[in-house]
Each structure stands twice: as C-alpha cells, then as structure tokens.
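Chains as they are written, first to last, in the working numbering: chain U, 989 to 1017; chain W, 2 to 259. Okay, structure first, notes after.
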Amino acid sequence: EQILEAAKSIAAATAALVKSASAAQRELV
Amino acid sequence: MPVFHTKTIEGILEPVALQVSKLVILHEEAEDGNAMPDLSYAVHVVKNAVDNLVKVGYDTINNSDDQLLKQDMPPALQRVEEASLYLIQASDMLRADPFSAPARKKLIEGSRGILGGTSALLLAFDESEVRKILRICKSVLEYLAITEVVDSMDDLVTFVKNLSPVITRMTKEVDSREKELTHQVHREMLQRSLEQVKQLTPILISGIKIYVISKQAGGPAVQDAQDNRDYTVQKVSNEIHEIIRVLQLTTYDEDEWD
C-alpha cells in the first residue's frame, strides 16, 4: 500500500533528523 | 505488552520512537545543549516525505467509501503537517542560534508530532483494513442464517457453492491478520476460533445433508437432524462473532481492563 510506503519514508527521515540532533547533544553529555 | 498492535506499524514507528525518546532524554540531561549542526537538509527531507504522505493520504481518502476512514485520517494528516512546520521553524531558529533552547523544544515537539500523527494515520488505515475483514466475516454469518431454508440436495449444492469461497476468503484474511498482530493473547484467540471454524465447516455441511435426507425420508429423525444442524450453525456463528470481537481489540482495550 502506498500509504505504508509514505509512512515508512517519513519515519526514516524523522529518525535520521532526530539522530543527527541527538548526536550533537551526546557530545556534551 | 507491545506498544504497537501490528507488526507493520511496529516496524515503521518503533525505530523513530526510539530516536525521539533518546533525544528527549538527552535534552532533559543537558538542558543547555551543545551547538546543533545545520538540520535544514534533514528537515527538508522530512518535509518532502510529509508532503508525499499528505498527497497519498488524501488520495486514499478520496478513493475510499469507508466513512470512518474519511473522518479519522484528515486530523492525523493535519497533525503531521503542523509538526513538519515546527521542524522547519526549529531548523530556522537553530541556524540563527545553534544553542537556542526554544528551538530544541520545538524540534522535540515537531518530532513527537510527526510520530503521533503518523501513528494516528496508520491506526486509522489499519482500522479501515480491519473493517474490510469484518465485512467478510459478516457475509459468512449472513450465509449461515439461510441454512434453515436448505431443504433439498439442489439447495445444498448451491449453498455449499456460495458459502465455500466466502469462508475460504474469511479464513485467509483472518489468518493473515492473526500473523500481523503483536499481541500474543489476541493471536491465540484468533487461531483458536479459526481452527474451530475450519473443523466445524464440514460437520455443518454434513449436518445439513443429514437433515435434507431425513426430511425427504420423513419420520421422527427429522427433529434430531434439525437440532443437530442448528447446534452446529450456532457454534460456527459463535466462533465468527468471537473472531469479529477479537479483530476489533487493541492492546489498549486490555490495558483499560487492567
């Protein structure tokens, strides 16, 4: 289903974004 | 207790939920934070994915005749869209000030919004898929209700010819659904009821056949044959009602009971 594929793309993109932000934070912790 | 009630939803959302949780913990542990890198490209990728989801979501709504889906999906899509705006704002604020605390909060809020909105969207879609299976189950119940008018071998042949494909479709769909669930108790309940339906179907057809033969022969055996037939119909119907009930359960229902 197209909607599942679209949701997968959002989840992957959001996970990548949050991971970048976390990596920057982790340097300090 | 699993958080996501299907393996598909779990597979999509669990990795991002994990990342968001980590970011929240890191944010709480280091309130002032380190300098954030430029997140504009990553946010741009999210925004493109959101735009695509919104397009696909409205296409799904427009092509569906499921009124509940039409009602449930737009708020979820709006939530995802709003969350993506938070991410864009956070990214803009962080580019101006990589140490901005309000920007970090906005980033977390946006990420949570994407997660929550996508989760609501997937749930609405999943519930719609479940309703399709429920309709198949109900059509089997409708066929079972006409068992009592089968009183000739010709009727029986037609009855079996009509019932078989619907029962086969129902067992196939319920079987697939059962394998999709993350909740072990619900899976076992569906397996048990499905197995009962599979075992009872030939007994039901045999019961109708005995009734037809008894009726044509006449005599006191007719009543017993009718009672046996009705008893089996009732048992199959009960199992299908149980399947319908369990299909509509989510893990949250049991949490509420607890």
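Using N, Cα and C, we set each Cβ at its ideal position, and we do this for glycine too.
Would you please verify whether the beta carbon of W/Phe126 is less than 8 Å from any beta carbon of chain U?
yes
Name the DSSP beta bridge partners of W/Thr119, please?
BP columns for W/Thr119 are empty, so no partner.
Per DSSP, which residues does W/Thr7 bridge with? Please list them.
W/Leu182
Rounding to the nearest angstrom, what Cα-Cα distance links U/Ala1003 and U/Ala1011 in this structure?
12 Å
Interface residues of chain U facing W/Pro1 [CB-CB closer than 7 Å]
Outside the shown range of chain W (2 to 259) lies residue 1 of chain W, about which nothing can therefore be said.
When DSSP labels each residue in this structure, what does U/Ala1011 get in the three-state scheme?
helix
8 Å Cβ cutoff met for W/Leu108 and W/Leu86
no
Check the Cβ-Cβ distances between W/Gln90 and every residue of chain U, and say whether any is below 8 Å.
no
Does the CB of W/Lys71 have a neighbour CB from chain U at under 8 Å?
no
Whole angstroms are fine: how far does the CA of W/Arg132 sit from the CA of W/Lys139?
10 Å
Cβ pair count under 8 Å reaching 3, the region 990 to 1004 of chain U against the region 91 to 100 of chain W
no
Hey, does W/Gln68 have any beta-carbon neighbour from chain U nearer than 8 Å?
no
So, is W/Thr7 buried or exposed, given that buried needs 16 or more other C-beta atoms within 10 angstroms?
buried
CB of W/Leu237 within 8 Å of CB of W/Leu145, strictly:
Leu is not the amino acid found at residue 237 of chain W; the sequence shown has Val there. A contact, by the Cβ cut-off of 8 Å.
C-beta neighbour in chain U for W/Ile13, strict 8 Å
yes
For W/Ser165, count neighbouring C-beta atoms within 10 Å of its own C-beta (all shown protein chains included) and say buried if the count is 16 or more, exposed if not.
exposed
What three-state label does DSSP hand W/Gln79 in the structure shown?
helix
Answer with yes or no whether the minimum CB distance from W/Gln1 to chain U is below 8 Å.
As displayed, chain W neither begins before 2 nor continues past 259, which places residue 1 of chain W out of reach and without an answer.
With DSSP run on the structure shown, which of helix, strand or coil describes W/Ser153?
coil
Against chain U, which members of the region 165 to 185 of chain W pass a CB distance test of less than 8 Å?
none
Specify, as a first and last residue, the run of the alpha helix (DSSP H) that W/Gln60 falls within.
Per the sequence shown, the amino acid found at residue 60 of chain W is Asp instead of Gln. Ser41 to Asn64 is the span of the alpha helix (DSSP H), which, as asked, contains W/Asp60.
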